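Colleague: There's a structure below that I have some questions on.
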Amino acid sequence: MGFVFRLALKNLARHRLRTIVSIAAIAVCVMVVVFARGLVEGIINSVINDHIYYNSGHIKVIDRQYREQERLLPLNYPVDGLAGGSLDEMMAELEGIEQVEMVIPRLKFGAMISTEAELVIMTGWGIDSEKELEFTNIEDHLAQGRMPSPGKLEVVMGTKLLEKIGRQVGDKVTIVFSTAFGSLNGVTFTIVGRLHTGLQLLNEYVFFLPIDQAQRLLYMEGQVTELLLVTKHLNSVPQVLPSVESLIAGKGEAERYGALSYREANDMIAWADIGKAIYNVIYVFLILLACIVVINTMLMIVQERTREIGTMSALGVERRGIVQLFLVEGGIMGIVGSFIGALLGGGLNAYLAQAGLDFTADLEGVSAEVLFDTMVYPESSWTNAVFAFILGVVIVTLSCLIPARRAANLEPTVAMRDA
Amino acid sequence: MALLELKGVTKIYQQGKIEVPALRGIDLTVEAGEFTTIFGPSGSGKTTLLNLIGCLDKPTAGTLLFNGRELSQVDKKGLARIRRENIGFIFQSYNLIPVLTAYENVEFAIRLLNKHDKKELKDRVMEILAAVGLEGLENRKPNELSGGQKQRVAIARALVKEPKLILADEPTANLDSKTSEEVLEIMVKMNQELGTTFVFSTHDPRVMEYAARLVEIRDGLISLDRRRDGTGVSH
Numbered sequence: 139m140g141f142v143f144r145l146a147l148k149n150l151a152r153h154r155l156r157t158i159v160s161i162a163a164i165a166v167c168v169m170v171v172v173f174a175r176g177l178v179e180g181i182i183n184s185v186i187n188d189h190i191y192y193n194s195g196h197i198k199v200i201d202r203q204y205r206e207q208e209r210l211l212p213l214n215y216p217v218d219g220l221a222g223g224s225l226d227e228m229m230a231e232l233e234g235i236e237q238v239e240m241v242i243p244r245l246k247f248g249a250m251i252s253t254e255a256e257l258v259i260m261t262g263w264g265i266d267s268e269k270e271l272e273f274t275n276i277e278d279h280l281a282q283g284r285m286p287s288p289g290k291l292e293v294v295m296g297t298k299l300l301e302k303i304g305r306q307v308g309d310k311v312t313i314v315f316s317t318a319f320g321s322l323n324g325v326t327f328t329i330v331g332r333l334h335t336g337l338q339l340l341n342e343y344v345f346f347l348p349i350d351q352a353q354r355l356l357y358m359e360g361q362v363t364e365l366l367l368v369t370k371h372l373n374s375v376p377q378v379l380p381s382v383e384s385l386i387a388g389k390g391e392a393e394r395y396g397a398l399s400y401r402e403a404n405d406m407i408a409w410a411d412i413g414k415a416i417y418n419v420i421y422v423f424l425i426l427l428a429c430i431v432v433i434n435t436m437l438m439i440v441q442e443r444t445r446e447i448g449t450m451s452a453l454g455v456e457r458r459g460i461v462q463l464f465l466v467e468g469g470i471m472g473i474v475g476s477f478i479g480a481l482l483g484g485g486l487n488a489y490l491a492q493a494g495l496d497f498t499a500d501l502e503g504v505s506a507e508v509l510f511d512t513m514v515y516p517e518s519s520w521t522n523a524v525f526a527f528i529l530g531v532v533i534v535t536l537s538c539l540i541p542a543r544r545a546a547n548l549e550p551t552v553a554m555r556d557a
Numbered sequence: 100m101a102l103l104e105l106k107g108v109t110k111i112y113q114q115g116k117i118e119v120p121a122l123r124g125i126d127l128t129v130e131a132g133e134f135t136t137i138f139g140p141s142g143s144g145k146t147t148l149l150n151l152i153g154c155l156d157k158p159t160a161g162t163l164l165f166n167g168r169e170l171s172q173v174d175k176k177g178l179a180r181i182r183r184e185n186i187g188f189i190f191q192s193y194n195l196i197p198v199l200t201a202y203e204n205v206e207f208a209i210r211l212l213n214k215h216d217k218k219e220l221k222d223r224v225m226e227i228l229a230a231v232g233l234e235g236l237e238n239r240k241p242n243e244l245s246g247g248q249k250q251r252v253a254i255a256r257a258l259v260k261e262p263k264l265i266l267a268d269e270p271t272a273n274l275d276s277k278t279s280e281e282v283l284e285i286m287v288k289m290n291q292e293l294g295t296t297f298v299f300s301t302h303d304p305r306v307m308e309y310a311a312r313l314v315e316i317r318d319g320l321i322s323l324d325r326r327r328d329g330t331g332v333s334h
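One line per chain: the protein sequences are L and S, in this order. Residue 139 is where the first sequence starts when you use my numbering, and the numbers rise one by one after that. Residue 100 is where the second sequence starts when you use my numbering, and the numbers rise one by one after that.
Encoded structure:
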């Protein structure tokens, strides 16, 4: 094998430019695969994470009626305890389930602010700041100020929402909303923080206030609209979900409350998995593009080396040996090209994972309900580069079977022909 | 036992719907250690005969025995094995692998046998290169060698595995007369010292002078088969 490897290296060095072009084609395609895979994974993971952080948690417990009317943010289907118990007791019981790390309460409601020019419609989220900071990545988006403190009439808003209402951090703002009893209420809050994020929902539509203040102002003491369960690992959700359901059923509340895993709460997650599988097929086709160059080069080589191959065959090299020689030559190009491509793609992803890609202008009209961060950070992982490297080496080497078989099929009598 | 025995060997090539007979019933026996020249005009069937003797091709009809073994039932893999272990080739255009040095070209043939350790292999290659007068040139690539030197490398490559038979297709065709004689003398020496059987095809009258046996082929048939010692048959 050592001799075959040496011979293959020398053969590749015969026409350096041609070999370099083939290697470059492989490198470019592998680099594109690494980058595209990093980008797609980055987008999908970002969508899934934002969906988990700002919509479903790992498991979401809500009133079944609320689920049907969730978009309207009704306040008359709250989560307020199990079988006559309090909300705190319910949260404690849920936290007691094995693998459950945290239970996060949220109270969402519709609200509006009147400016001189327009009526700005918003969604208020009553939150436990401490838990939100622990669970979500909201801290990363807090561009100014701090999160609202319990017991105080404080709010945090997104940059765009602040622009719309013409306010800034430190200003007061009067927010109008409908209480659980249907009466209108108007309360003045101090803006204590500003969020700046690519998520349109947080940037433009949501304001955060302490959950105790939300409950008090909406006349919903001891009530929330949803409880988000955070498990120790995302993978443990399938094991935890039945325990949550059986706890609810055990308290005779199965008809009222439903527990949804993050996957059930949004069809997009299943689509994301399908998307990943489809993209994996596309990556194979990308590498096959490079293979066209390699196959073409190798076929030219077979043509040029017809007499040489015939001589080898005449000297007693079997079909397998000739196939092996060409596969080793293709394999070397595959390894070198894929390595360079994986390295460049990995480097590009590592850079963009920090710098990010700004799609704000392109996603201007996308609904805020789609939790798509307009700042995309490609996933930078060595597994991604290794995946593309292996894909490149395997596909390029296998594609060399075509010219290798053609070479092996040459009759040894060609060695006897005149030059 | 004869090294080669051909009985009624016919070779027909198919060119589209037309059948072109290249050999039309050849009977030929080559004893071990013979130094035989096959000659004849272009298109007479010399190269076809060499292809069959060299196990590069199979006859359309007739039997071909190599060292007592009938070859018509041997598959391609089996023929490759016979070539690898028993036959050395010397080509008109040398057919050296251009990216390999003289040493590596010779090494290539012996490596295929897979029966020598590293040291033995090196000693054997250096010994054979010295025997053909290429001492000191072992690290040169074919494009750094003269025609005669290239043919010496080809001879060394054919001899290094100590084959039973060496087939040489017009080995002096691309060489000047002085170099031709040097190359032929090396082959005669190897034939005498090692007892290797040589079969040539040639147009070159000088080559015929060196041959112990002359076989003329015309229109796919042997028209003359004569040994220097006077034995043989005129067809």
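Each residue gets a CB set at the ideal place from its N, CA and C atoms; glycine is no exception. The model shown is predicted, which means the values in this text are computed figures rather than measured ones.
Quick one: does Val-173 (chain S) have its CB under 8 Å from some CB of chain L?
Modeller: Not an interface residue.
Colleague: Leaving out five residues on either side along the sequence, give the residues of the same chain with a beta carbon under 6 Å from the beta carbon of Ala-336 (chain S).
Modeller: In the structure as shown, chain S begins at 100 and stops at 334. Residue 336 (chain S) is therefore absent and cannot be evaluated.
Colleague: Is Thr-274 (chain L) buried or exposed, if buried means 16 or more other CB atoms sit within 10 Å of its CB?
Modeller: Per the 10 Å Cβ criterion, buried.
Colleague: Would Val-224 (chain S) count as contacting chain L if we go by Cβ distances under 8 Å?
Modeller: No - not a single Cβ of chain L is within 8 Å of the one on Val-224 (chain S).
Colleague: Which residues in chain S have a C-beta closer than 8 Å to the C-beta of Arg-154 (chain L)? List them in chain order.
Modeller: In chain order: nothing, as chain S lies at least about 12 Å away.
Colleague: Whose C-beta lies closer than 6 Å to the C-beta of Leu-127 (chain S) among residues of the same chain, with five residues either side of it excluded?
Modeller: Around Leu-127 (chain S): Leu-105.
Colleague: Output yes or no for whether 8 Å exceeds the beta carbon distance between Gly-248 (chain L) and Phe-315 (chain L).
Modeller: Against a cut-off of 8 Å, the Cβ pair of Phe-315 (chain L) and Gly-248 (chain L) comes out as a contact.
Colleague: Does the distance from the C-beta atom of Glu-269 (chain S) to that of Thr-301 (chain S) stay below 8 Å?
Modeller: A contact, by the Cβ cut-off of 8 Å.
Colleague: Name the two residues that bound the continuous alpha helix (DSSP H) containing Ile-276 (chain L).
Modeller: Where Ile-276 (chain L) is concerned, the enclosing alpha helix (DSSP H) stretches over 276-279.
Colleague: Please return the same chain residues whose Cβ sits closer than 7 Å to the Cβ of Glu-208 (chain L), not counting the five positions on each side in sequence.
Modeller: Result list for Glu-208 (chain L): empty, nothing under 7 Å.
Colleague: So the candidates are L:Arg-458, L:Val-375, L:Gln-361, L:Gly-262; which of them puts its Cα closest to the Cα of Gly-219 (chain L)?
Modeller: Of the listed residues, the one whose Cα sits closest to Gly-219 (chain L) is L:Gln-361.
Colleague: Who does Ile-265 (chain L) pair with in a DSSP beta bridge?
Modeller: In the DSSP output, where bridge partners are listed per residue, Ile-265 (chain L) has L:Arg-244, L:Pro-348.
Colleague: Does Leu-453 (chain L) get closer than 8 Å to chain S when you measure Cβ to Cβ?
Modeller: Closer than 8 Å to some Cβ of chain S, the Cβ of Leu-453 (chain L) qualifies, so yes.
Colleague: Does the CB of Asn-149 (chain L) have a neighbour CB from chain S at under 8 Å?
Modeller: At least one chain S Cβ lies under 8 Å of Asn-149 (chain L).
Colleague: Grab me the residues of Ser-333 (chain S)'s own chain with a C-beta within less than 6 Å of its C-beta, minus the 5 sequence neighbours each way, in chain order.
Modeller: The predicted model places Ser-333 (chain S) with a pLDDT of 49, which falls under 50 and marks its position as unreliable, so this point remains unresolved.
Colleague: Are there three or more Cβ pairs, one per stretch, closer than 8 Å when the segment 361-370 of chain L is compared with the segment 221-233 of chain L?
Modeller: Touching, per the Cβ criterion.
Colleague: Establish whether the CB of Val-259 (chain S) and some CB of chain L are separated by less than 8 Å.
Modeller: By this cut-off, Val-259 (chain S) is not an interface position.
Colleague: Kindly indicate if chain S contains any beta-carbon less than 8 Å away from that of Leu-495 (chain L).
Modeller: Judged by the 8 Å Cβ criterion, Leu-495 (chain L) is not in contact with chain S.
Colleague: From the DSSP output, which residues share a beta bridge with Phe-477 (chain L)?
Modeller: DSSP lists no partner for Phe-477 (chain L).
Colleague: Does the beta carbon of Thr-449 (chain L) come closer than 8 Å to any beta carbon on chain S?
Modeller: Yes, because at least one Cβ of chain S sits closer than 8 Å to the Cβ of Thr-449 (chain L).
Colleague: Check the DSSP bridge columns for Ala-397 (chain L) and list the partner residues they point to.
Modeller: According to DSSP, which records beta bridges pairwise, Ala-397 (chain L) is partnered with L:Val-199.
Colleague: What does DSSP give as the partner residue(s) for Leu-120 (chain S) in the beta ladder?
Modeller: The question names Leu, but residue 120 (chain S) in the sequence shown is Pro. For Pro-120 (chain S), which the question treats as bridged, DSSP gives the partners S:Ile-111.
Colleague: Could you tell me which chain S residues have their CB closer than 9 Å to the CB of Leu-424 (chain L), listed as they occur along the chain?
Modeller: Under the 9 Å cutoff, chain S gives no residues; its nearest Cβ is about 32 Å from Leu-424 (chain L).
Colleague: When you compare each of L:Arg-156, L:Ile-265, L:Leu-300 to Gly-289 (chain L) by their alpha carbons, which one comes out closest?
Modeller: The residue with the shortest Cα to Cα distance from Gly-289 (chain L) is L:Ile-265.
Colleague: At a Cβ threshold of 8 Å, is Ser-333 (chain S) touching chain L?
Modeller: Annotation note: pLDDT 49 at Ser-333 (chain S) (below 50); position unreliable, no value reported.
Colleague: Helix, strand or coil for Asp-188 (chain L) per DSSP?
Modeller: Residue state, collapsed to three classes: helix.
Colleague: Write down the C-beta distance between Gly-232 (chain S) and Arg-256 (chain S) rounded to the nearest angstrom, noting that I regard them as a contact closer than 8 Å.
Modeller: Actually they are not in contact, since the Cβ atoms of Gly-232 (chain S) and Arg-256 (chain S) sit about 14 Å apart, beyond 8 Å.
Colleague: Hey, is Ile-137 (chain S)'s beta-carbon within less than 8 Å of any beta-carbon in chain L?
Modeller: Not closer than 8 Å to any Cβ of chain L, the Cβ of Ile-137 (chain S) fails to qualify, so no.
Colleague: Short of 6 Å in beta carbon distance, which residues of its chain neighbour Gly-469 (chain L), apart from the five on each side in sequence? Order them along the chain.
Modeller: Correct list, in chain order: Thr-535.
Colleague: Tell me the residue span of the beta strand (DSSP E) that contains Phe-299 (chain S).
Modeller: 296-301 is the extent of the beta strand (DSSP E) around Phe-299 (chain S).
Colleague: Is Met-260 (chain L) helix, strand or coil by DSSP?
Modeller: The answer is strand: DSSP assigns Met-260 (chain L) an E or B state.
Colleague: Buried or exposed: which applies to Glu-256 (chain L), given that a residue is buried once 16 or more other Cβ atoms fall within 10 Å of its Cβ?
Modeller: With fewer than 16 Cβ atoms within 10 Å of its Cβ, Glu-256 (chain L) is classed as exposed.
Colleague: Counting only Cβ-Cβ distances shorter than 8 Å, please list the residues of the segment 163-187 of chain L near chain S, keeping chain order.
Modeller: Cβ contacts with chain S: none found.
Colleague: Looking at Leu-398 (chain L) and Ser-194 (chain L), is the spacing between their C-beta atoms short of 8 Å?
Modeller: Yes, Cβ-Cβ distance for Ser-194 (chain L) and Leu-398 (chain L) is below 8 Å.
Colleague: Measure how close the beta-carbons of Ser-143 (chain S) and Ile-285 (chain S) come, nearest whole angstrom, since I'm counting them as under 8 Å.
Modeller: About 27 Å separates the two Cβ atoms, so there is no contact after all.
Colleague: Can you tell me where the alpha helix (DSSP H) with Val-440 (chain L) in it begins and where it stops?
Modeller: Taken as a continuous stretch (DSSP letters only), the alpha helix (DSSP H) holding Val-440 (chain L) covers 406-442.
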